[in-house]
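In this note's numbering, the protein residues as written are 596 to 841. Note that CB positions come from ideal geometry on N, CA and C, so glycine has one too. Have a look at the structure below before the remarks.
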């Protein structure tokens, strides 16, 4: 199931205006340059912000997302024809040999079910060329980020051209071990419509992530900090071994 904030056409259309600061992507752009990537798979591309940043730099990009409404928004943006958009999960991928696969913006946490997570890692591995890298971020559970996911700390009113004022906030509804479920609420002043979106994220410990990557054949090269969120995120850099020519 796709969360409504990504899969509902009205919510997908306002996703970018509600989160306009995408400086979190700067580190990923730099890593694409650092690794000399020419072909990139953006898993969980959403509305295509990162994929289009790379395409604007002349890279060959495949954007993959299970939310059709988000992919439609991405496809309709200026330059959208320079990206190969695929609606689906990793099982929908054609044969690829990319230099870099990414999961930005905590996409990895949204893949909460262990079976789905394993299949995502396997699918990314198949898509990488030998020596290619998988890079993704996930919140450090020790930071207990969900404790600020409440109306008081998250409430905003955003004026969106052509849409009007939109109230939005988040509220945690359940914490069950590593799983945190929360609800986003969106109120459109123009017609009073109220839409909600329920999401569940998995907060994985670093040792758990590294063990799963190793089990799927990756070499974990490095764990970095997120420059814009120091001390709050793990940024995993894993590699498909050069010797693997399968």
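Checklist entry - With respect to the beta strand (DSSP E) encompassing residue 721, which residues constitute its N-terminal and C-terminal limits? => result Within the chain shown, numbered from 1, the residue matching residue 721 stands at position 126. Per DSSP, residue 721 belongs to no beta strand (DSSP E); it is in the alpha helix (DSSP H), 709-722.
Next on the checklist: Can you find the residues in the same chain that come closer than 8 Å, C-beta to C-beta, to residue 675, ignoring five residues on each side of it along the sequence?
Outcome noted: If you number the chain shown from 1, residue 675 lands on position 80. Cβ within range, chain order: 643, 647, 669.
Checklist entry - When the Cα atoms are used, what is the spatial distance from residue 598 to residue 661? => result Against the chain shown, residue 598 aligns to sequence position 3. Against the chain shown, residue 661 aligns to sequence position 66. One C-alpha to the other measures close to 10 Å.
Next on the checklist: With H, G and I counted as helix, E and B as strand and the rest as coil, what does DSSP make of residue 675?
Outcome noted: Mapped onto the chain shown, residue 675 falls at position 80. Three-state DSSP puts residue 675 in a helix.
Item to check | For residue 816 and residue 923, the rounded distance between their alpha carbons | outcome: Coverage of the chain is limited to positions 596 through 841, which leaves residue 923 absent and any answer about it impossible.
Checklist entry - Relative to the alpha-carbon of residue 745, which residue among 792, 766, 830 has its alpha-carbon at the smallest distance? => result Here residue 745 refers to the residue found at position 150 of the chain shown. With distances taken between Cα atoms, residue 745 lies closest to 766.
Checklist entry - In chain order, which beta strand (DSSP E) runs of at least 3 residues are fully inside the region 598-668? => result 634-638, 655-660
Checklist entry - Measuring CB to CB, does residue 696 end up less than 8 Å from residue 636? => result Stepping through the chain shown from its first residue, residue 696 is reached at position 101. Stepping through the chain shown from its first residue, residue 636 is reached at position 41. Cβ distance < 8 Å, so residue 696 and residue 636 count as in contact.
Checklist entry - Taking the DSSP output, what are the residues bridged to residue 783? => result Counting from one through the chain shown, the residue named residue 783 turns up at place 188. Note: residue 783 sits in a beta bridge opposite 761.
Checklist entry - What is the DSSP secondary structure of residue 748, counted as helix, strand or coil? => result By one-based count along the chain shown, residue 748 stands at place 153. Residue state, collapsed to three classes: helix.
Item to check | Beta-bridge partners of residue 828, as assigned by DSSP | outcome: If you number the chain shown from 1, residue 828 lands on position 233. In DSSP, residue 828 forms a bridge with 734.
Next on the checklist: Am I right that residue 761 and residue 783 are in contact with their C-beta atoms under 8 Å? What's the rounded C-beta distance?
Outcome noted: The sequence position of residue 761 within the chain shown is 166, counting from 1. The sequence position of residue 783 within the chain shown is 188, counting from 1. Contact holds; Cβ gap of about 6 Å.
Checklist entry - Where do the N-terminal and C-terminal ends of the alpha helix (DSSP H) with residue 705 fall, by residue? => result Here the question's residue 705 lines up with position 110 in the chain shown. From DSSP, the alpha helix (DSSP H) with residue 705 extends over 702-705.
Checklist entry - Under three-state DSSP, which class holds residue 796? => result On the chain shown, residue 796 is found 201 positions in, with the first residue counted as 1. If DSSP states are grouped into helix, strand and coil, residue 796 belongs with the strands.
Checklist entry - My guess is that residue 654 and residue 627 are in contact by the Cβ rule of under 8 Å, so how many angstroms apart are they, rounded? => result As a first step, residue 654 must be located in the chain shown, where it is residue number 59. As a first step, residue 627 must be located in the chain shown, where it is residue number 32. Going by Cβ atoms, the distance from residue 654 to residue 627 rounds to 7 Å, so yes, they are a contact pair.
Next on the checklist: Count Cβ pairs between the region 807-823 and the region 715-730 that sit closer than 8 Å; are there 3 or more?
Outcome noted: yes
Item to check | Whole-angstrom C-beta distance between residue 694 and residue 724, which should lie under 8 Å | outcome: Taking the chain shown and counting its residues from 1, one reaches residue 724 at position 129. Taking the chain shown and counting its residues from 1, one reaches residue 694 at position 99. About 6 Å separates the two Cβ atoms, so the contact holds.
Checklist entry - For residue 609, which option in 664, 621, 651, 832 has the closest C-alpha, if you only look at C-alpha atoms? => result Start at 1 with the first residue of the chain shown, and residue 609 comes out as number 14. The shortest Cα separation from residue 609 among 664, 621, 651, 832 belongs to 664.
Item to check | Same chain, Cβ closer than 6 Å to residue 622, five either side skipped, listed in chain order | outcome: In the chain shown, residue 622 corresponds to position 27, counting from 1. The answer, listed in chain order, is 822.
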